[in-house]
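All remarks here apply to the structure that follows.
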Amino acid sequence: MPHLDPEELSLLALYDDWDDAVSRMHLEECPACASEFAALRRTVDAVKTTPDTSRLSVPGPQVWDGIHRELGLSASVREDPLAAAGQQGHLPPSAIAPPSNIAPPSNIAPPSATAPTPAIAPPTDLSQARAARKGRAWWQRSGTWLVAAAAAVVVALGGIWALNRPAQPLPLAEAQLTPLASFSATGSARVVEAQDGARTLEVQLSKDEAQGYQEVWLIAPDLSRLVSLGVMNADTGTFQVPAGLELSEYPIVDVSDEPVDGNPAHSSVSIVRGTLTS
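Residue numbers are given in the UniProt record's numbering: position 257 of the sequence shown equals residue 257, and the series is strictly consecutive.
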């Protein structure tokens, strides 16, 4: 079963109402992806909580000097915004807000004291969002300092997650499957190899057109020899390739329509067929 890629998992973890029914159904069926999704959700939940700043050390003035120099900021923001906090030796909660000498954007109203913190929601109009940001420096945008801190946490944990994520199987060969006879289904197939050397054939079809049941085969170029890999009861299937079988000797992927007659031989009715190439 193909796993969800990191981008899909991130979107599902960030946005509770992200409309992707197929991916959410996949999470219910795939323990590996569900475990990674749960780890990402814990990270998102941690970022959304109010940080405990009582144990955070104040960086020295040389840090702000470096930021100011690298970004080419104006003289109006030359003063270290955390200088006052440095006298106390730790960061107060207000230290994560932008410096007081930088005015917030005029088109954003201050939040109400009693208003609940809104949940993260995906952008609805990218063109409007870009227009609203155009012409404003990053340090002038509302919430930038808090978002930057949250992003640092996400990036750090994301790196750990990526390092510990199981290695994805390496593709060895692929084939495009085209319909035969009176069939119209199309599809694809690929052979992947795991770290332990085990090989699997992953098959995907646009639809199931079998009158009986679908069976997957690897066939020699002259069609004189064939190996059955198993029954495919859906539009997709993953099958173990026998150890020692040379793909160069059996490069043809064939999905046949088999009658329920107890005969293990090929029915001679192929739905789709294609040749593996590396």
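Even glycine gets a Cβ: it sits at the ideal position worked out from N, Cα and C. The model shown is predicted, which means the values in this text are computed figures rather than measured ones.
Cβ-based burial, Ser-76 [other Cβ within 10 Å; buried from 16]: Numbered from its first residue, the sequence shown carries residue 76 at position 76. Ser-76 is exposed by the Cβ-count criterion.
Val-203 versus Asp-45: straight-line alpha-carbon distance, rounded: In the sequence shown, the residue the question calls residue 203 occupies position 203. In the sequence shown, the residue the question calls residue 45 occupies position 45. One Cα belongs to Val-203, the other to Asp-45, and the distance between them is close to 37 Å.
Helix, strand or coil at Arg-190 according to DSSP, with G and I counted as helix: Here residue 190 refers to the residue found at position 190 when the sequence shown is read from its first residue. Arg-190: strand per DSSP, three-state reduction.
May I ask which residues mark the beginning and end of the beta strand (DSSP E) holding Val-63? Here residue 63 refers to the residue found at position 63 when the sequence shown is read from its first residue. Judged by DSSP secondary structure, Val-63 falls outside any beta strand (DSSP E) and instead within the alpha helix (DSSP H) spanning 61–71.
Since Val-231 is in the beta strand (DSSP E), which residue starts that stretch and which ends it? Position 231 of the sequence shown, counted from the start, is the residue given in the question as residue 231. It spans 226–232 - the beta strand (DSSP E) in which Val-231 sits, taken as one unbroken run.
Arg-273 in three-state terms, based on DSSP: Stepping through the sequence shown from its first residue, residue 273 is reached at position 273. Arg-273 falls in the strand class under three-state DSSP.
Suppose contacts are defined by Cβ-Cβ distances below 8 Å. Is Trp-212 in contact with Asp-254 by that definition? Your numbering for residue 212 matches position 212 in the sequence shown. Your numbering for residue 254 matches position 254 in the sequence shown. Note that residue 212 is Gly in the sequence shown, not Trp. No, Cβ-Cβ distance for Gly-212 and Asp-254 is not below 8 Å.
DSSP bridge partner residues for Thr-178 (one or two, in chain order): Locating residue 178 in the sequence shown gives position 178, counting from the first residue. Thr-178 is bridged to Arg-273.
Option in Val-47, Thr-238, Glu-249 and His-3 with minimal Cα separation from His-26: Your numbering for residue 26 matches position 26 in the sequence shown. Minimum Cα distance to His-26 is reached at His-3.
Cβ pair count under 8 Å reaching 3, the region 172–186 against the region 217–224: Fewer than three pairs of CB atoms, one per stretch, sit closer than 8 Å, so the region 172–186 makes no contact with the region 217–224.
Figure out for me which residue from Pro-31, Arg-42 and Ala-83 has the closest Cα to the Cα of Ser-10. By 1-based counting over the sequence shown, the position of residue 10 is 10. Each of Pro-31, Arg-42 and Ala-83 was checked against the Cα of Ser-10, and the nearest Cα belongs to Arg-42.
Where do the N-terminal and C-terminal ends of the beta strand (DSSP E) with Arg-24 fall, by residue? On the sequence shown, position 24 is the one that residue 24 refers to. Element bounds for Arg-24: not the beta strand (DSSP E) but the alpha helix (DSSP H), 21–29.
Per the DSSP calculation, Trp-217 is bridged to which residue(s)? Here residue 217 corresponds to residue number 217 of the sequence shown, with the count starting at 1. DSSP, once it has assigned bridges, lists Ser-228 and Asp-254 as partnering Trp-217.
Rounded Cβ spacing between Thr-186 and Val-192 (contact assumed at less than 8 Å): For the purposes of this step, residue 186 is identified with residue 186 of the sequence shown, where counting begins at 1. For the purposes of this step, residue 192 is identified with residue 192 of the sequence shown, where counting begins at 1. The Cβ separation is near 21 Å, so there is no contact.
Cβ-Cβ distance between Asp-19 and Leu-12 below 8 Å: On the sequence shown, residue 19 is found 19 positions in, with the first residue counted as 1. On the sequence shown, residue 12 is found 12 positions in, with the first residue counted as 1. Not a contact, by the Cβ cut-off of 8 Å.
Distance, Val-227 Cα to Leu-245 Cα: Taking the first residue of the sequence shown as 1, we reach residue 245 at position 245. Taking the first residue of the sequence shown as 1, we reach residue 227 at position 227. Taking the straight line from one Cα to the other gives about 9 Å.
Could you tell me which residues DSSP puts in a beta bridge with residue 279? The first residue shown for the chain is 1 and the last is 278, placing residue 279 beyond what the model contains.
Straight-line CA distance for Val-260 to Ala-198? By 1-based counting over the sequence shown, the position of residue 260 is 260. By 1-based counting over the sequence shown, the position of residue 198 is 198. Here the alpha carbon of Val-260 sits roughly 31 Å from the alpha carbon of Ala-198.
Using 10 angstroms around the beta-carbon of Pro-251, count the other beta-carbons present and answer buried if the total reaches 16, otherwise exposed. For the purposes of this step, residue 251 is identified with residue 251 of the sequence shown, where counting begins at 1. So Pro-251 ends up on the buried side.
Just curious, the alpha helix (DSSP H) that Glu-8 is in, first and last residue? Along the sequence shown, read from residue 1 onward, the residue named residue 8 stands at position 8. Residues 6–14.
Where does Arg-41 sit, in a helix, a strand or coil, going by DSSP? Position 41 of the sequence shown, counting from 1, holds the residue named residue 41. Helix.
Use the C-beta contact count for Leu-223: other C-beta atoms within 10 angstroms, 16 or more gives buried, fewer gives exposed. Reading the sequence shown from its first residue, position 223 is the one you call residue 223. Leu-223 comes out exposed.
Who are the near neighbours of Glu-209 in its chain, counting only those whose CB is closer than 8 Å to its CB and skipping five residues on each side? Numbered from 1 along the sequence shown, position 209 holds the residue referred to as residue 209. Correct list, in chain order: Phe-183, Ser-184, Ala-185, Asp-257 and Ile-271.
Collapsed DSSP secondary structure at Val-47 in the structure displayed: Working through the sequence shown from its first residue, we reach residue 47 at position 47. Correct three-state label for Val-47: helix.
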